[in-house]
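These notes concern the structure reproduced below.
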Amino acid sequence: MIKSIWVDNFKSLVDFELNLEKFTCLVGLNGAGKSTVLQAMDFLSQLMLGNLDDWLKQRQWVSADLNSKLTSRSNINFRVVVEHANFGEIAWSGSVNRKSLNCTSERVEVTGTVHLRVDDAHCALGKDKFPIVFEYQGSILSGLKESQINSVLQALKNAIGEIKSLDLLSPEMLRSRTKSADGKLGLGGEKLSAFIHESGPEVKDKLKAELQNVYTQLESVETKSLRSGWKQLEITERFGSQQLKTTARHMNDGMLRLMAILAQLEAGSNFLLFDEIENGINPELIEYLIDHLVAAKQQILVTTHSPMILNYLEDDIAKKGVACLYKNNQGHTRAIRLFDIPSVAKKLEFMGPGEAFIDTELIHLNQEIEMLRKQ
Ligand SMILES: Nc1ncnc2c1ncn2[C@@H]1O[C@H](COP(=O)(O)OP(=O)(O)OP(=O)(O)O)[C@@H](O)[C@H]1O
Ligand SMILES: [Mg+2]
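Structure representation (structure tokens):
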């Protein structure tokens, strides 16, 4: 599990810290920085995978977009704490040079023992120290062979490399045609058809069973490989005596989104991020979706504008997991647990989390939060 992230100088995240729970939900005004947090976590994950050029290209960004315009610093700094079942807390920190797109300094530490240190173009792995003579992007862990790194570093690399942000899921992308997915949905979900095709019969059956809970007329979810190599996703529905077959191109938006989310939950990855989770999904299905996300085997982070999402959370999950993002008067994104704010916490005594959220004017919270910070 990822316990916390600290990011400095990434877009609106300046000296920004966020604690993460098994299920975390970000709320906050438009422009507070919710999507930026997802982008930052995706960026951290990409550091472990290397190849930041491709990552930037996929997002249609250039490296200059990464820095905060609110500081004059050039490097992006970060610290991530992972709680690992065998090793305890693994802390990974570093500094990314925006031009070379690699971590010019980096450190991995478990309770006082340093497992990796990168500094002055040198790398220290345990007692070994060597000059770095090869080029790489992101973390040096993306450029080292598995045989070179110990089990702590490997565990860290897996945990961070498996963060998946689906912040750009869109119905149009979900309808795209693809030939292969290699276990990835794609940033906008554009590989959905191939992703489901490659996931195998068990996952497909599970997906069908899940979807049937909410689309009672659904009979089957099929995929096939067309002669050209394109993968086609098709559902069959029954209305009375009539059968209706619909391919992804003509499927409804909500079904596609739900399918992508459920398919990703079935397929694995240890940490999934979804932006505006309620998008395109009708209220009746939201409860079902939230129950799934809270019970998922993965760690989950979502953003939402919908009080309904909060209402479906148990009080203790909402208390720990709902973080309110806001901008301080310098324009830096800040996070605070929503139900740590006294005026909001009080409401929980006689309202559900969602009602307390509706009853709260985020615009007026800033002052109260700033007062708290000063104490
Ligand atoms: N390079 C940058 N430096 C500083 N701030 C930036 C930079 N790039 C974008 N921003 C600011 O970051 C803010 C956060 O945007 P973001 O998209 O994360 O908000 P959001 O909370 O997801 O909003 P919404 O609810 O509307 O989706 C925006 O106000 C934007 O002006
Ligand atoms: Mg957003």
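Numbering (this note's numbering), first residue to last: 1374 to 1748.
Every residue gets a Cβ at the ideal spot worked out from N, C-alpha and C, and that includes glycine.
Selection His1737, Val1435, Thr1596, Leu1393 evaluated against Lys1552 yields Thr1596 as nearest (Cα-Cα). Sorted by position in the chain, Lys1407, Ser1408, Asp1648 make up the residues whose C-beta lies under 6 Å from a heavy atom of ligand 2. Taking non-hydrogen atoms of ligand 1 into account, the C-beta of Asn1440 is found less than 7 Å away from one of them.
Within the same chain, and ignoring the five residues on either side of Asp1540 in sequence, the residues whose Cβ sits closer than 8 Å to its Cβ are Ser1408, Leu1411, Gln1412, Asp1415, Leu1560, Leu1646, Phe1647, Asp1648.
Counting along the chain, the unbroken beta strand (DSSP E) around Tyr1699 starts and ends at 1695–1700.
Ser1466 and Asn1448 have their alpha carbons spaced roughly 13 Å apart. Given a length threshold of 3 residues, each whole run of the beta strand (DSSP E) inside the stretch 1454–1519 is given here in chain order: 1461–1469, 1476–1483, 1486–1492, 1495–1498, 1501–1504. By the 16-neighbour rule on beta-carbons within 10 angstroms, Trp1434 is exposed.
At a cut-off of 7 Å, the beta-carbon of Leu1565 does not count as near ligand 1: no heavy atom of the ligand is closer than that.
Taking all protein chains in view, the Cβ of Val1675 is crowded by 16 or more other Cβ atoms within 10 Å, so the residue is classified as buried. Where Ser1716 is concerned, the enclosing alpha helix (DSSP H) starts and stops at 1715–1720. Taking the C-beta atoms as reference points, Gly1401 is found nearer than 8 Å to Leu1735. Where Gly1559 is concerned, there is no enclosing beta strand (DSSP E), because DSSP gives it neither an H nor an E. Spatial neighbours of Asp1493 in its own chain (CB-CB distance under 8 Å, excluding positions within 5 residues in sequence) are not present. From the listed residues Ile1505, Met1421, Ala1532, Asn1655, the smallest Cα separation to Ala1458 is found for Ala1532.
Here the stretch 1423–1443 does not lie against the stretch 1724–1738, with fewer than 3 beta-carbon pairs under 8 Å apart. Ranked by Cα distance from Glu1639, the options Leu1617, Glu1583, Met1744 are led by Glu1583.
An exposed status is given to Gly1556, since fewer than 16 other beta-carbon atoms sit within 10 Å of its beta-carbon. Using a cutoff of 7 Å, the CB of Ser1549 does not count as near ligand 1, since none of the ligand's heavy atoms is closer than that. Assigned with DSSP and collapsed to three states, Arg1452 falls in strand. Spanning the alpha carbons of Phe1383 and His1705 requires a straight line of approximately 10 Å. Here the distance from the Cβ of Ala1708 to the nearest heavy atom of ligand 1 is not below 7 Å.
For Leu1606, the CB contacts under 7 Å within the same chain, skipping 5 residues up- and downstream, are Leu1565, Ser1566, Ile1569, Thr1596, Thr1620, Ala1621 in chain order. Ser1441 carries a coil assignment under DSSP once its states are collapsed to helix, strand and coil. Ligand 1 never approaches Ala1696 closely enough for any of its heavy atoms to be under 7 Å from the residue's Cβ. In the DSSP assignment, Ala1708 falls within the unbroken beta strand (DSSP E) covering 1706–1710. DSSP places Gly1401 in the strand class (E or B) of the three-state scheme. Between Gly1694 and Cys1496, the C-beta spacing is not below 8 Å. Under the three-pair Cβ rule at 8 Å, the stretch 1621–1632 counts as touching the stretch 1651–1667.
Beta bridge pairing from DSSP links Gln1616 with Arg1611. Where Glu1639 is concerned, there is no enclosing beta strand (DSSP E), although the alpha helix (DSSP H) around it starts and stops at 1626–1640. Sixteen is the threshold: since fewer than 16 other Cβ atoms of the shown chains lie within 10 Å of the Cβ of Glu1687, the residue is exposed.
Glu1563 is positioned such that its CB atom lies closer than 8 Å to that of Ser1549. Not one heavy atom of ligand 1 lies closer than 7 Å to the C-beta of Ala1413.
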